[in-house]
Amino acid sequence: MQRPLFFHNTLSNTKEQFTPLRDDGVRMYSCGPTVYDRAHIGNMRSYIMSDMIRRTLEYNDYIVKQVINITDVGHLVSDEDDGEDKLEKAANESGESAQAIAEKYTNLFFKDLVRLNVQTEGTQFPKATDYVAEQIAMIQTLTESGHAYRITDGVYFDTSVFKNYGQLGGVDTKTLEAGVRVKKNEEKRNPADFALWKCSPEGVRRQQEWKSPWCVGFPGWHIECSAMSRALLGRQLDIHSGGIDHIPVHHNNEIAQSESVNKKQFVQYWMHNNFITVEGRRMGKSQGNLITLDHVIDRGYAPLSYRYWLLTAHYRTPANFTWEALDGSHTALKKLHKYFIDELGAKDGTVDVAYQEKFHTFLNDDLDTPKAIALMWELVKDDRVFAEDKRATLLEMSKVLGLGLAASDTSLTQLLTGNAKKIEIAHAPEKIQELVAEREEARAQKNFDHADDLRQAILDAGYEITDGADGPSVERLS
Ligand code: AMP
Ligand code: ZN
């Protein structure tokens, strides 16, 4: 059923009522992972947010056409136009090919999405390397229309030619000159100008490089999103989502490129999730506090408990992850499942209309998942609602929030193990078996740091370990 739906739009910085551009489906694009490394739990917030946008739209009977891109080239370590390409760097450091690294982390990313109950059916996951021709064509249009210019190391977008550059999030281009984006490249016309195409450095043969009208090189990270969204969803999108860190640069650059080529407003609703910190600090490899879903599972928590924890905070507020908080969410989710199985029987009644309406209104109010979850508990405690009606209502709520109550009928342990396919340890090579045994030992002694290192060693050897109710299992990565 459709009810008035409101989203906070970064473009206007207000909550706006949602109306789709077309009748045949809502076009939604979410910036996806750069697949040079394992995605961490902070990254997963972006995909759970876009999943909640999609589920809410579907709850309102909209058809959703969703794209999440895979960045497998062109994202530089600086997040700007200089420094190494994240994938080439990872390839040089590990000795594996950039393509093999991209494949490995793309597969792990998909696995994480499944474990977190992120709907992927019908979602398109284009890889940047599959859309190089489209990117070159777009850059060509930009050079012909005077929006782009050639300098020694590549082709750049001229931000002074695009009238509203920096509009999203109210970025003041003047402060850029004195601020973070220091004019490093003397040939650039304006400090905010950014690379559309980069030439491979003199004398360097990159693993991933293509011929272009300008030089042998590779596309910039921003043009990838503009080209892939246009190729798969058309010139205008209803919704574009991503983390707040993308507002000032990446998303303003996407707007500048797309609107200069498409001659239409690129996106109607821009939606951004806030950051996850860990024990009060920004998460990062260099900080040594990078947590992945595997770490969550290693400590005996269900991936869905992490999803539940995320949904107890609104996506626009920062959230601070602690193991105690996750423990609380895990306990709550298990309690919910247990109550559902033990107390509500197996027969579905009818959905309680009063609860349904409230639930729907909360979700339609810019995805107010904390209130929706609180309402679930209110329903659990409400003795006036018959067990079978409660069951039907909770099932509907769980379906929209992705909390897995329907699966609970068959097995609660599913919740604890995620959805990974199991392989007998005994079938793995001896070296892997030894590492698994050593890791079990480390876990038994609560030496989790060592256990994490061993998981990484197993991963480096091409296997992924999953902890289940019957002990660990491994899976060979293709
Ligand atoms: P990346 O793979 O680095 O491009 O990031 C993928 C997505 O995760 C982007 O939308 C980022 O904005 C988002 N992201 C990165 N770090 C965090 C964090 N700590 N909390 C929430 N979102 C994050
Ligand atoms: Zn993007």
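Residue numbers (the working numbering): -3 to 474.
Where is the CB? At the ideal position from N, CA and C, for every residue including glycine.
Cut-off 7 Å between Cβ atoms - residues of its own chain near residue i, not counting five sequence neighbours on either side
| i | result |
| --- | --- |
| I428 | I454, A457, Y459 and V470 |
| F14 | L1, F2, F3 and Y265 |
| L450 | L431, E434, R435 and A438 |
| G230 | R23 |
| G481 | Nothing about residue 481 can be read from this structure; the chain reaches only from -3 to 474. |
| G238 | S26, C27, S42, H247 and H268 |
| N9 | none |
| L7 | L164 and W266 |
| Q95 | none |
| P197 | none |
Contacting residues, own chain, Cβ-Cβ under 6 Å from residue i (five flanking each side not counted)
| i | result |
| --- | --- |
| K418 | Bear in mind that a pLDDT of 49 at K418, under 50, signals an unreliable position, so the number given afterwards is only what the model happens to contain. Excluding residues within five positions, the ones whose Cβ falls inside 6 Å are S469. |
| M393 | F355 and M372 |
| A424 | V470 |
| H236 | Y25, V263 and W266 |
| D75 | none |
| N56 | Q(-2) and L1 |
| E374 | none |
| F358 | D364, K367 and A368 |
| T116 | L109 |
Cβ shell of residue i (< 8 Å), same chain only, five flanking positions each side left out
| i | result |
| --- | --- |
| R303 | I44, L112, N113, G398 and L399 |
| V347 | D385, A388, T389 and E392 |
| C221 | Y25, C27, N65, H246 and E250 |
| T308 | S325, T365, P366 and I369 |
Proximity winner among the options, relative to residue i (alpha-carbon distances)
| i | options | result |
| --- | --- | --- |
| R380 | A350, A370, A368 and E392 | A350 |
| V432 | D108, V200, D294 and T116 | D294 |
| H291 | T318, L375 and P314 | T318 |
| H310 | P244, K367, T288 and D463 | K367 |
| E255 | L138, T327, K61 and E205 | L138 |
| V110 | T365, S325, P299 and A321 | P299 |
| V60 | L329, K343 and R18 | R18 |
| N39 | F271, F336 and D344 | F271 |
| S93 | W210, Q203, G276 and I243 | Q203 |
| A383 | N56, L359, F444 and G341 | G341 |
| A87 | D463, A98, R50 and D78 | A98 |
| E89 | D33, L104, R185 and D77 | D33 |
| R226 | Q131, G467, G166 and E275 | Q131 |
| E182 | Y152, P197 and E205 | Y152 |
| V128 | P197, V157 and V212 | V212 |
| D344 | A191, L401, T119 and A328 | L401 |
| L53 | V31, G21 and E84 | G21 |
| T155 | D189, D445, I147 and D448 | D189 |
| D364 | I49, I37 and H36 | I49 |
| D68 | G79, Q62 and L83 | L83 |
| E12 | D378, K180, N360 and A315 | N360 |
| V157 | A133, T169, T148 and D149 | T169 |
| D184 | W210, R146 and Y161 | First, the residue type needs correcting, since residue 184 is Lys and not Asp in the sequence shown. Of the listed residues, the one whose Cα sits closest to K184 is R146. |
Unbroken alpha helix (DSSP H) run spanning residue i, endpoints
| i | result |
| --- | --- |
| G400 | Here G400 belongs to no alpha helix (DSSP H), and DSSP marks it neither H nor E. |
| G38 | I37 to Y55 |
| M134 | V128 to E140 |
| F355 | V349 to N360 |
| K259 | First-last for K259: undefined, no H or E at that position. |
| T228 | Reading off the sequence shown, one finds Leu at residue 228, where the question assumed Thr. Here the alpha helix (DSSP H) through L228 covers W217 to L229. |
| D290 | L289 to D294 |
| P366 | T365 to K377 |
| H446 | F444 to D456 |
| Y304 | P299 to L307 |
| Q95 | A94 to R111 |
| V432 | E426 to A440 |
Residue i - partner residues in DSSP beta bridges
| i | result |
| --- | --- |
| W210 | None; W210 has no bridge partner. |
| I272 | A315 |
| M24 | Q62 and I235 |
| V470 | I461 |
| E12 | F3 |
| D81 | L72 |
| M267 | S237 |
| K123 | I66 |
| R380 | Partner(s): none; R380 has no beta bridge. |
| T30 | T67 |
| R277 | V274 |
First through last residue of the beta strand (DSSP E) which encompasses residue i
| i | result |
| --- | --- |
| I147 | A144 to I147 |
| L192 | F190 to C195 |
| Y152 | G150 to F153 |
Residues near ligand 2, criterion Cβ-heavy atom distance below 5 Å: C27 and C221
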